[in-house]
Amino acid sequence: MADVLPIVFLVLHVLWWPISKLISLIVIILSPVWLVCSFLLLPLIHLGHTIGNVLSFPFKWQWLERLETLYVFLGTASILGGLTGAILFLIFKFLSSTLNIDRPIVPKSAELGRTPAEFRAARREKKEEDHVPSHSVDQSMEPSPVSTPAIIRKIDGPRRKGLLSQAIIEEEDSDF
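When we follow the working numbering, the leftmost residue of the sequence shown carries the number 594, and every step to the right adds one.
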């Protein structure tokens, strides 16, 4: 068994010798063609090397060493910020649920009261009650509300004035 290994190497050496001589002959014959082709393609080869260097720039070790401390700092800060935010969120949720302060700000629709349409209808009914005299004998003899002008009851006392009745005083510009 020990004699098999030297025999295999001897057979491979005998087979490799003519192949190596053939390869060296081809290299000698094609070397002038290779020199001419490499001279003609030199600008493209140089451009390819430049593009390769530009594309591999982010992966160069010297550049990454400069950013290592910044990368570690920002990574640690993001992890700590995320954990702190999560802890604060859980604490706030726990406190707001135990103290019952997480009620919605806008009241529910049932608690709102009257809608604008209901308010207008109630105001219209109240105006009609104020205009109709209480001692009327016959409703059919009264004129219809469409044919008679509406009488508006004046409010006793000082009348409240809104913002539209107030004058806007403008300041004069000084040209000094």
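Even for Gly, the Cβ is constructed at its ideal location relative to N, Cα and C.
Quick caveat, the model's predicted, so the values are computed rather than measured.
Give the DSSP-derived three-state secondary structure of residue i in the structure shown.
{"i": "Glu763", "result": "coil"}
{"i": "Lys653", "result": "coil"}
{"i": "Thr708", "result": "coil"}
{"i": "Arg717", "result": "helix"}
{"i": "Leu681", "result": "helix"}
{"i": "Arg696", "result": "coil"}
{"i": "Asp596", "result": "coil"}
{"i": "Leu634", "result": "coil"}
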